[in-house]
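J.: Handing you a structure now.
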Amino acid sequence: MSEQQRKAFPFSEFEPKWQDEWEAKKAFHTPNPGEADFDATKPKYFVLDMFPYPSGAGLHVGHPEGYTATDIIGRFKKMSGFNVLHPMGWDAFGLPAEQYAIKTGQHPRITTEQNIEGFRGQLKRLGFAYDWDREVNTTDPGYFKWTQWIFLKLYNAYVNEEGKARPISELEAQGLSRAEIDSRRLAYISEAPVNWCPELGTVLANEEVVDGKSEVGGFAVERRPMRQWMLRITAFAQRLIDELDGLDWPESIRLLQRNWIGRSEGAHVTFQVAHADAEITVFTTRPDTLFGATYMVIAPEHSLVDQIAAPEQAAAIAAYRRVVGSKSDLERTELAKEKTGVFTGAYAINPVNNEQIPIWIADYVMMGYGTGAIMAVPAHDTRDFEFATKFDLPVKQVVQPPAGKEWQGYTDDGIAINSGFLDGLPTAEAKKKIAAWLEEKGLGKGTTNFKLRDWLFSRQRYWGEPFPIVWEDGHHHGIPESELPLLPPTLEDFRPTGTPEPPLSKATDWVCYSDSATRELNTMPQWAGSCWYYLRYCDAQNSDRFVGIEAERYWMTGSLGDNQTIGQSDNQTIGQGDNQTVSLSPHLPVSLSSPPKPGGVDLYVGGTEHAVLHLLYARFWHKVLFDLGYVSTPEPFQRLVNQGLIMGEDGQKMSKSRGNVVNPDDVVKEYGADALRLYEMFMGPLEQVKPWSMKGVEGVYRFLARVWRLVMVQHEENGVWSLSPALQDVPANKQLTKALHETIKKCGEDIEKLSFNTAISQMMVCTNAFTGAEIKPASAIVTFLKVLSPFAPHLAEELNTRIASQFPDLAVKGFLSDSIWPTYDPAALIEDEVEVVFQVNGKLRDKVRVPIAASKEEIEALALASTRVQEFMEGKPAKKVIVVPGKLVNIVV
RNA sequence: GCCGCUGUGGUGAAAUGGUAAACACAGCAGACUUAAAAUCUGCUGGGAUAACAUCCCUUGUCGGUUCGAGUCCGACCAGCGGCACCA
11 MSEQQRKAFP
21 FSEFEPKWQD
31 EWEAKKAFHT
41 PNPGEADFDA
51 TKPKYFVLDM
61 FPYPSGAGLH
71 VGHPEGYTAT
81 DIIGRFKKMS
91 GFNVLHPMGW
101 DAFGLPAEQY
111 AIKTGQHPRI
121 TTEQNIEGFR
131 GQLKRLGFAY
141 DWDREVNTTD
151 PGYFKWTQWI
161 FLKLYNAYVN
171 EEGKARPISE
181 LEAQGLSRAE
191 IDSRRLAYIS
201 EAPVNWCPEL
211 GTVLANEEVV
221 DGKSEVGGFA
231 VERRPMRQWM
241 LRITAFAQRL
251 IDELDGLDWP
261 ESIRLLQRNW
271 IGRSEGAHVT
281 FQVAHADAEI
291 TVFTTRPDTL
301 FGATYMVIAP
311 EHSLVDQIAA
321 PEQAAAIAAY
331 RRVVGSKSDL
341 ERTELAKEKT
351 GVFTGAYAIN
361 PVNNEQIPIW
371 IADYVMMGYG
381 TGAIMAVPAH
391 DTRDFEFATK
401 FDLPVKQVVQ
411 PPAGKEWQGY
421 TDDGIAINSG
431 FLDGLPTAEA
441 KKKIAAWLEE
451 KGLGKGTTNF
461 KLRDWLFSRQ
471 RYWGEPFPIV
481 WEDGHHHGIP
491 ESELPLLPPT
501 LEDFRPTGTP
511 EPPLSKATDW
521 VCYSDSATRE
531 LNTMPQWAGS
541 CWYYLRYCDA
551 QNSDRFVGIE
561 AERYWMTGSL
571 GDNQTIGQSD
581 NQTIGQGDNQ
591 TVSLSPHLPV
601 SLSSPPKPGG
611 VDLYVGGTEH
621 AVLHLLYARF
631 WHKVLFDLGY
641 VSTPEPFQRL
651 VNQGLIMGED
661 GQKMSKSRGN
671 VVNPDDVVKE
681 YGADALRLYE
691 MFMGPLEQVK
701 PWSMKGVEGV
711 YRFLARVWRL
721 VMVQHEENGV
731 WSLSPALQDV
741 PANKQLTKAL
751 HETIKKCGED
761 IEKLSFNTAI
771 SQMMVCTNAF
781 TGAEIKPASA
791 IVTFLKVLSP
801 FAPHLAEELN
811 TRIASQFPDL
821 AVKGFLSDSI
831 WPTYDPAALI
841 EDEVEVVFQV
851 NGKLRDKVRV
861 PIAASKEEIE
871 ALALASTRVQ
881 EFMEGKPAKK
891 VIVVPGKLVN
901 IVV
């Protein structure tokens with residue numbers, strides 16, 4: 011027998027055939043509103059994958075996990091009567107392409123194109139139902155033209171008093187100075203300490219630094235002051251927290267974002283420095299403990315240090331600053347255990363009691379959070395307590411903990427003591443009272459603080475979007491939109507310069523914008539392109555706009571509203587999804603007129619690794635575009651699902667060095683695309699981390715072969731497959747009908763819940779029932795193939811056409827993917843008899859089959875009559891009898 | 001340290017508060033075969049027992065609610081993930 015004939019079913023013959031046919035007939039092309047074949051009567055469903063970075067290594071098995079899930083959903087929704095938008099694209103700017111280019115001397119554009127080619131081919135070989143006409147590529151000038159355009163929108167916007175992004179022209183109209191305007195732009199220049207990674211030759215955003223090392227590559231990162239582009243994401247911190255509430259996201263991801271944004275309520279308190287014309291403002295979450303402040307600490311980098319330090323301490327301070335400055339962030343966190351610090355020689359005056367308290371510098375206070383200065387309350391703060399203990403500073407109790415708790419180091423709420431006018435108040439009330447007192451005296455006020463910092467947006471790289479900015483006389487300004495896209499210069503040598511000078515500086519001609527102006531030399535970070543790609547999918551070919559007005563409104567809200575203008579979205583109150591002015595089209599089914607959701611994409615599937623990077627950045631950009639009236643929803647992604655990591659067969663994370671990497675191409679070659687798809691969905695719940703098992707692949711492969719053999723038989727000698735004689739045009743018997751309808755019901759419900767593993771189990775049960783039947787009813791099998799088709803589309807389509815060859819009236823004409831998802835008959839699910847369980851004191855003692863219609867009384871009588879039941883009742887009377895019809899009887903004695 | 005998630009057979013896992021372990025993997029036995037592969041059929045949580053009869057135990061541990069708990073509540077333990085001197 012040939013290699014092919016030994017396969018349990020000839021997947022390698024028909025899988026490519028169907029892929030070609032889908033492509034040739036554009037089976038999954040989705041028309042936009044306004045196009046000829048657009049059907050306005052259908053509701054929309056936008057299902058989105060996190061688009062891949064096309065690496066040279068090709069797909070790994072993690073990619074098809076999420077992609078298969080969305081593919082099943084997309085195919086199911088299409089069969090259920092939705093206009094489905096299910097696109098794919100490439101997040102192709104970034105470091106690996108550039109580093110590879112540096113190594114090989116090949117231009118990153120070439121390697122990127124090759125990698126995309128490879129990825130696209132691999133995805134097509136898995137039979138995903140993408141609309142390839144909507145493919146996007148972040149490195150395509152037709153795409154990044156609009157990334158640059160959005161940057162200009164950010165650059166030319168500010169946030170008003172209500173916290174909304176508005177055009178900068180409003181400030182110009184108010185006659186603000188250039189400096190004032192520049193200081194309020196959402197994209198602005200900052201000269202501040204940044205995360206510089208010498209190894210990568212670029213700066214990194216806070217989010218890209220993990221434990222003092224670069225997230226990519228794990229290289230050391232140091233702080234150094236540099237002039238950089240920043241995006242004012244902090245202006246949206248509160249909205250980014252509040253508006254999470256309207257989203258169908260996993261609670262864990264919302265928490266991750268909330269924690270990252272890190273809101274905390276507290277107060278600013280201003281301390282006068284004794285014998286100096288200076289004051290220090292601190293941020294504290296415990297203003298109620300102000301009477302317990304026995305010293306202050308300011309960050310070593312703080313600008314006040316030089317101003318207030320006593321001359322005799324100058325040497326010690328300088329020495330301490332040198333030590334702290336030489337520590338990398340990594341060392342600073344690793345050495346966090348032991349507190350260090352130096353007395354400045356200066357004193358501050360505690361405003362509540364006029365006590366003089368010493369001012370120290372210590373690196374446990376960071377410049378970047380709050381005001382870079384704290385009031386230390388050692389009695390009720392763990393860090394202050396450690397510091398005070400080490401340097402022998404006074405510890406004064408001001409909070410009385412509940413009985414039995416030690417007050418030293420007690421950080422929870424209690425009752426204020428030794429605190430003057432606060433005495434006797436519980437913590438919450440003391441906070442209010444002191445805040446009011448401070449405000450009245452002009453010494454401070456309640457404040458909210460965030461951990462989130464502004465987004466460091468420039469990189470010293472070649473392979474990224476150039477900024478549409480030029481510099482003239484020390485000022486920056488945006489280039490005209492007509493000059494977009496701004497292409498990067500052609501460079502022979504795109505290596506980092508080894509200094510913070512970006513590689514674009516080598517393109518001397520390009521740099522020169524005019525006689526007096528030069529171009530910005532930095533490029534945007536990789537995240538830029540992925541901040542809005544989902545919008546581009548709505549209208550990927552549009553050359554006049556980043557996305558067409560109508561296309562955006564339709565795919566993000568489902569509305570076709572002909573007389574709507576996008577600008578109306580400005581009327582919406584943020585965080586209240588129920589008063590959106592975007593009205594739903596009268597064309598849409600009533601079921602859709604439920605309150606509009608804040609998010610536009612109906613389902614977004616991807617890994618957790620983007621919880622605080624991509625997902626936060628994209629929400630931020632989307633809100634700016636929303637405020638400025640360019641998009642219709644305040645949030646981009648309504649429902650988010652995280653797929654769990656697939657581990658190696660050994661239970662370890664897949665990695666080259668462990669040698670446990672599974673290549674999807676090998677699996678497709680050996681078992682076929684349908685088997686890979688099905689296995690990845692059968693492994694376990696989508697969101698769970700789970701190990702790979704080749705035996706498991708064989709299991710689903712055998713299942714697919716059993717489905718194949720429901721329809722086909724193989725000739726013993728020549729191995730040729732032909733239609734099974736058992737396949738007949740007969741109605742399914744009661745038992746098969748029940749199995750089939752249960753499968754239709756469960757699979758439909760499970761797909762909505764993304765419980766693909768249990769849906770597949772049910773299809774296995776159904777197949778086992780059909781396998782056991784001597785005669786295979788053809789029309790029932792066709793119905794089963796419809797249910798199977800979103801999971802294993804090649805096999806389902808192939809068997810449908812095979813059946814059509816003999817039973818043309820029973821099979822689906824055309825593609826199964828265009829057919830209607832079957833409905834189940836509830837009557838077919840009901841059995842004549844059910845098994846009822848008899849329990850005595852909750853323990854199972856007997857089972858009987860009773861007619862489905864049996865009454866409560868009849869069942870109870872049967873239970874009491876059971877000899878087994880009587881045996882365990884031991885002659886005692888029943889105290890209580892619980893009857894659950896169709897289920898069980900529990901007798902309590 | 002703080003926050004979150006997860007603990008069920010040899011393995012991946014199922015179970016609207018109602019028969020724990022569906023479905024699959026692995027294993028065992030049998031059928032077919034000269035043989036193997038493939039396929040098909042059956043068995044397969046632990047213990048007691050001569051027993052395929054029957055009984056007891058079993059969802060990380062301990063308690064609680066309930067006629068009834070893997071599921072709800074409380075405490076604890078373990079593993080994984082995130083944050084981490086955030087004032």
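Each residue of the first sequence is one higher than the one before, counting from 11 in our numbering.
Glycine is no exception: its CB is placed at the ideal position from the N, C-alpha and C atoms.
Every value quoted in this text rests on a predicted model; they were computed, and no experiment measured them.
Helix, strand or coil: how does DSSP classify Thr583 here?
T.: Residue placement at Thr583 cannot be trusted, given a pLDDT of 33 that sits under 50; the coordinates are not used to answer.
J.: Please work out which residues of its chain come closer than 7 Å, Cβ to Cβ, to Phe246, disregarding the five sequence neighbours upstream and downstream, and give them in chain order.
T.: Phe630 and Lys633
J.: As a quick exercise: from Gln124, Pro203, Leu95 and Ala561, pick the residue whose alpha carbon is nearest that of Arg237.
T.: Pro203
J.: Quick one: complete alpha helix (DSSP H) runs, 4+ long, within the region 657 to 740?
T.: Runs of the alpha helix (DSSP H) inside the region 657 to 740: 674 to 681, 683 to 692 and 704 to 721.
J.: State the CB to CB distance for the pair Trp370 and Gly351, rounded to an integer number of angstroms; the pair is presumed to be in contact (CB under 8 Å).
T.: 5 Å
J.: Take the Cβ of Ile862 as the centre, count every other Cβ of all protein chains shown within 10 Å, and call the residue buried at 16 or more, exposed below.
T.: exposed
J.: Using the rule of at least 16 other Cβ atoms within 10 Å of the residue's Cβ for burial, across every protein chain shown, is Ile126 buried or exposed?
T.: Ile126 should be labelled buried.
J.: Whole angstroms is fine: what's the gap from Gly72's alpha carbon to Phe154's?
T.: 28 Å
J.: Three-state secondary structure (DSSP) at Glu232?
T.: strand
J.: If distances are taken between C-alpha atoms only, which option among Gly885, Gly227 and Phe848 comes closest to Pro895?
T.: Phe848
J.: In whole angstroms, give me the CA-to-CA distance for Glu475 and Lys700.
T.: 37 Å
J.: Relative to the C-alpha of Lys349, which candidate in Asn363, Glu172, Arg393 and Pro506 has its C-alpha closest?
T.: Arg393
J.: Taking the alpha-carbon of Lys796 as reference, which of Ile813, Glu784 and Asp192 has the nearest alpha-carbon?
T.: Ile813
J.: Note the first and the last residue of the continuous beta strand (DSSP E) segment covering Asp175.
T.: The residue asked about is misnamed: residue 175 is Ala in this sequence, not Asp. Note, Ala175: beta strand (DSSP E), Ala175 to Pro177.
J.: Three-state secondary structure (DSSP) at Leu625?
T.: Annotated three-state conformation of Leu625 is helix, per DSSP.
J.: Using 8 Å as the cut-off, can you tell me whether the region 605 to 615 makes contact with the region 43 to 59, which would need three or more C-beta pairs spanning the two stretches below that distance?
T.: yes
J.: So Arg859 and Glu843 are in contact, right, with Cβ under 8 Å, and what is the actual spacing, rounded?
T.: 5 Å
J.: Could you work out which residue in Glu311, Phe353, Trp718 and Arg273 is closest to Glu7 when comparing CA atoms only?
T.: As shown, the chain starts at 11 and ends at 903. That puts residue 7 outside it, with no answer to give.
J.: Give me whichever residues DSSP pairs with His278 in a beta bridge.
T.: Phe293 and Lys455
J.: How would you write the range of the beta strand (DSSP E) that Gln849 sits in, first residue to last?
T.: Going by DSSP, Gln849 is part of the beta strand (DSSP E) stretching over Glu843 to Val850.
J.: Where Lys755 and Met89 are concerned, what is the direct C-alpha to C-alpha distance, given to the nearest angstrom?
T.: Cα-Cα distance, rounded: 15 Å.
J.: Going by the C-beta, is Leu686 closer than 7 Å to any heavy atom of the ligand PLP?
T.: The model depicted lacks the ligand PLP and carries no ligand whatsoever.
J.: Starting from the C-beta of Lys786, find all residues in its chain whose C-beta is less than 8 Å away, skip the five residues before and the five after it, and write them out in chain order.
T.: Contacts found: Leu720, Val721, Ser734, Ala736, Leu737, Gln738 and Phe780.
J.: What is the DSSP secondary structure of Gly72, reduced to helix, strand or coil?
T.: helix
J.: What residues match up with Leu241 in a beta bridge as DSSP calls it?
T.: Ala197 and Trp465
J.: Quick one: grab the DSSP three-state call for Thr533.
T.: strand
J.: Asn147: buried (16+ other C-beta within 10 angstroms of its C-beta) or exposed?
T.: buried
J.: Note the first and the last residue of the continuous beta strand (DSSP E) segment covering Leu58.
T.: Counting along the chain, Leu58 sits inside the beta strand (DSSP E) bounded by residues Lys54 to Asp59.
J.: Quick one: what's Glu108 bridged to in DSSP?
T.: Its beta-bridge partners do not exist; DSSP assigns none.
J.: Going by DSSP, what residue range makes up the beta strand (DSSP E) through Asn908?
T.: Residue 908 falls outside the range modelled here, since the chain spans only 11 to 903, and no answer is possible.
J.: Would you mind reading off the limits of the alpha helix (DSSP H) that contains Thr157?
T.: Per DSSP, Thr157 belongs to the alpha helix (DSSP H) from Pro151 to Tyr165.
J.: What would DSSP say about Leu839, mapped onto helix, strand or coil?
T.: It is helical.
J.: Let me check understanding here. Comparing Cα to Cα, which of Ala325, Ile82, Trp473 and Asp373 lies closest to Gly355?
T.: Among Ala325, Ile82, Trp473 and Asp373, the Cα nearest to that of Gly355 is on Ala325.
J.: Note down the Cα distance separating His243 from Phe477, rounded to an integer number of angstroms.
T.: The sequence given here places Ile at residue 243; His does not occur at that position. Rounded to the nearest angstrom, the two C-alpha atoms are 18 Å apart.
J.: If you check the beta carbons only, do Trp542 and Ile160 fall under 8 Å apart?
T.: yes
J.: With DSSP as the reference, identify every bridge partner of Leu214, one or two as the case may be.
T.: Asn205
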